[in-house]
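Chains as they are written, first to last, in the working numbering: chain A, 1 to 302; chain B, 303 to 604.
Here the structure comes first, spelled out in structure tokens, and everything after it is commentary.
Number of protein chains: 2
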Amino acid sequence: MADLLVVGSVALDSVETPFGRVEEVLGGSATYFSYAASFFTKVRLVAVIGRDFPGAHLDLLRQRGVDLSGLQVADGSSFRWVGEYGYDLNEAKTLDTQLGVFADFRPSLPAHFRASPFLFLANIDPDLQRDVLRQVDRPRLAALDTMNFWIQGRREALGRVLAEVDAVVVNDAEARMLTGEPNLIRAALTILGFGPRTVVVKRGEYGVLMATDGRFFFAPAFPIESVFDPTGAGDSFAGGFMGVVAGAGTVDEATLRRAIVYGSVMASFTVEDFSLNRLTRLTEAEIQERFGAFQEMTRFER
Amino acid sequence: MADLLVVGSVALDSVETPFGRVEEVLGGSATYFSYAASFFTKVRLVAVIGRDFPGAHLDLLRQRGVDLSGLQVADGSSFRWVGEYGYDLNEAKTLDTQLGVFADFRPSLPAHFRASPFLFLANIDPDLQRDVLRQVDRPRLAALDTMNFWIQGRREALGRVLAEVDAVVVNDAEARMLTGEPNLIRAALTILGFGPRTVVVKRGEYGVLMATDGRFFFAPAFPIESVFDPTGAGDSFAGGFMGVVAGAGTVDEATLRRAIVYGSVMASFTVEDFSLNRLTRLTEAEIQERFGAFQEMTRFER
Chain A
1 MADLLVVGSV
11 ALDSVETPFG
21 RVEEVLGGSA
31 TYFSYAASFF
41 TKVRLVAVIG
51 RDFPGAHLDL
61 LRQRGVDLSG
71 LQVADGSSFR
81 WVGEYGYDLN
91 EAKTLDTQLG
101 VFADFRPSLP
111 AHFRASPFLF
121 LANIDPDLQR
131 DVLRQVDRPR
141 LAALDTMNFW
151 IQGRREALGR
161 VLAEVDAVVV
171 NDAEARMLTG
181 EPNLIRAALT
191 ILGFGPRTVV
201 VKRGEYGVLM
211 ATDGRFFFAP
221 AFPIESVFDP
231 TGAGDSFAGG
241 FMGVVAGAGT
251 VDEATLRRAI
261 VYGSVMASFT
271 VEDFSLNRLT
281 RLTEAEIQER
291 FGAFQEMTRF
301 ER
Chain B
303 MADLLVVGSV
313 ALDSVETPFG
323 RVEEVLGGSA
333 TYFSYAASFF
343 TKVRLVAVIG
353 RDFPGAHLDL
363 LRQRGVDLSG
373 LQVADGSSFR
383 WVGEYGYDLN
393 EAKTLDTQLG
403 VFADFRPSLP
413 AHFRASPFLF
423 LANIDPDLQR
433 DVLRQVDRPR
443 LAALDTMNFW
453 IQGRREALGR
463 VLAEVDAVVV
473 NDAEARMLTG
483 EPNLIRAALT
493 ILGFGPRTVV
503 VKRGEYGVLM
513 ATDGRFFFAP
523 AFPIESVFDP
533 TGAGDSFAGG
543 FMGVVAGAGT
553 VDEATLRRAI
563 VYGSVMASFT
573 VEDFSLNRLT
583 RLTEAEIQER
593 FGAFQEMTRF
603 ER
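The following block contains the structure:
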């Protein structure tokens, strides 16, 4: 089991879905990522919060053994996001974003984080992602996520950091935007041409595709009749994925594939409730049972 | 190996894609279905053509051993379809449809077709589909396809025939339209409530899902960088699917799953060229090789 470092956001989310609404609950990319990954490996978190951030939220992460010594507490307000989902639940409509202290976030790694063999750069400014890469000893696997905002506004900076990571985790719309390729297979192969050896494309209800050295792997999404709140699904996926890889300590194809499926398992739980509510009730046995369900749903013989 | 009967259309297609155009080439649901199925079992075809239909087209089907004794030749013009695809190649834009003799098509089964243990009712008027069911001895598996035109215009008639078949093969848009459910998992389960024991939902580039007795199976689509012409992909899938089931002669879960993958294999070849051009060059070795590629793309271990 190897240490997994994540740099991203810790936030307060207010979300409305057709099934209800919540105010200022625990959210943020690094939060979902850390919590999901904590089932598989030791996690270190780097992020920033304001002094208004509820301590009980942090206790949830501490209870999972997440090392919070890289969590900066700054003067000002915590990052707040307000969003809603319609009945198709496919895409969040952002109603308000208050960056607060996140606007001036400069990741600074505690000395004992610098040797982190596995690194995930969640969705932050690509120049900050590159700055984190400068602060760590060469990890065994460095991966990044990004979003349309950086793809459109910081294309060159994003290109530079893409050339320096081993893996990219994006959704299908981002993959198409990043490459200008409507065909997702070509988009994935084009991203490999930017530098990474592995690209993972999240396709929502259609599951995940991974391309590594030109080989493809496809995993479905868990069939869910009622997605309750999709917030955090992608970050939970990434956390499960990277957590399993770091837990194994190796980056061979079999490990990456197992990690894709565990990532899909974690995402499938996250969407069953608001915030991290479902994850905080989750047992190891439930994770293993759902992994078995994925095997059962995809098995066929000649 | 058991006989497989298909009732549908045999047509002349004119198609334009970003990669080229063809005029009055061999098309039609029963055509693609029969040709794809012929690699796996003995096929019987019921359809209607006009006296203008080129004999060479029929020779292609005869060479594959397709029994054409149910092919009616009527006074009038053959069914003609003119369509085009844009760069995303996801949906055909129909430019012209000339039903010709297909407008008065009344399927009439030759006596030796009445005992057909496997039956596929391709996309025709649901009352005609039901009429065919009246003409056959109870088959081991009767399946049907349909389309938005019948879902919107002939909902009640479609409901009647749905209650009498064992399996339904539709695409994702049709499944949603048929049920009013935006969630595809709920849509599939709702269709099972209409009567069939098995529902197969084609999701284009996202592959196929099958629900049988509430169990799900997911298969990806073969990753293709350049779809040349998607015309006939769904019918080729259905042909491969039903062909494998009929070839096995049984309808157990393992056979259905293997059939889904062979169906996906056949569709992946069809889209590589116009009309049936790729299928006419296809070898048994290529089919088996691509089936192996599907196994490789989906395999994972705990």
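The C-beta atom is built at its ideal place from N, Cα and C for all residues, glycine as well.
If you're wondering where the values come from, they're calculated on a predicted model, not measured in any experiment.
Measuring only between beta-carbons, confirm whether residue i sits less than 8 Å from chain A.
| i | result |
| --- | --- |
| residue 563/B | yes |
| residue 602/B | yes |
| residue 496/B | no |
| residue 440/B | no |
| residue 559/B | yes |
| residue 488/B | yes |
| residue 587/B | no |
| residue 592/B | no |
| residue 507/B | yes |
| residue 358/B | no |
| residue 556/B | yes |
Determine, for residue i, whether the minimum Cβ-Cβ distance to residues of chain B falls below 8 Å.
| i | result |
| --- | --- |
| residue 87/A | yes |
| residue 19/A | no |
| residue 269/A | no |
| residue 130/A | no |
| residue 297/A | yes |
| residue 80/A | no |
| residue 142/A | no |
Tell whether a beta-carbon distance below 8 Å holds between residue i and residue j.
| i | j | result |
| --- | --- | --- |
| residue 390/B | residue 533/B | no |
| residue 497/B | residue 466/B | yes |
| residue 420/B | residue 305/B | yes |
| residue 604/B | residue 291/A | yes |
| residue 325/B | residue 386/B | no |
| residue 424/B | residue 435/B | no |
| residue 109/A | residue 135/A | yes |
| residue 574/B | residue 530/B | yes |
| residue 7/A | residue 124/A | yes |
| residue 380/B | residue 348/B | no |
| residue 350/B | residue 369/B | no |
Along the chain, where does the beta strand (DSSP E) containing residue i start, and where does it finish?
| i | result |
| --- | --- |
| residue 500/B | 500-504 |
| residue 512/B | 510-514 |
| residue 43/A | 43-50 |
| residue 75/A | First-last for residue 75/A: undefined, no H or E at that position. |
| residue 396/B | 395-400 |
| residue 319/B | 313-319 |
| residue 119/A | 118-121 |
| residue 5/A | 4-7 |
| residue 517/B | 517-521 |
Need the endpoints of the alpha helix (DSSP H) that residue i sits in, please.
| i | result |
| --- | --- |
| residue 538/B | 535-550 |
| residue 582/B | 579-582 |
| residue 588/B | 586-600 |
| residue 177/A | 172-179 |
| residue 458/B | 457-464 |
| residue 436/B | 428-437 |
| residue 563/B | 555-572 |
| residue 55/A | 55-63 |
| residue 187/A | 184-193 |
| residue 33/A | 29-37 |
Against chain A, which members of the region 457-486 of chain B pass a CB distance test of less than 8 Å?
484, 485 and 486
Using a Cβ-Cβ cut-off of less than 9 Å, give me the residues of the region 528-553 of chain B that come near chain A, in sequence order.
528 and 529
If the cut-off is 9 Å on Cβ atoms, which residues from the region 29-42 of chain A count as contacting chain B, listed in chain order?
none
How about the region 255-266 of chain A and the region 50-58 of chain A: do they share at least three Cβ pairs that are nearer than 8 Å?
no
Below 7 Å between beta carbons is the criterion; list the residues of the region 514-525 of chain B that meet it against any residue of chain A, in chain order.
518, 519, 520, 522 and 525
Between the region 324-344 of chain B and the region 386-401 of chain B, can you find at least three pairs of beta-carbon atoms closer than 8 Å?
no
Kindly confirm or deny that the region 495-512 of chain B and the region 470-487 of chain B touch, where touching means at least three C-beta pairs closer than 8 Å.
yes
Is there contact here, the region 516-525 of chain B with the region 558-572 of chain B, by at least three beta-carbon pairs under 8 Å?
yes
If contact is defined by three or more beta carbon pairs under 8 Å, each pair taking one atom from either stretch, is the region 534-541 of chain B in contact with the region 336-346 of chain B?
yes
Selection of the region 392-415 of chain B by Cβ proximity to chain A, strictly under 8 Å
none
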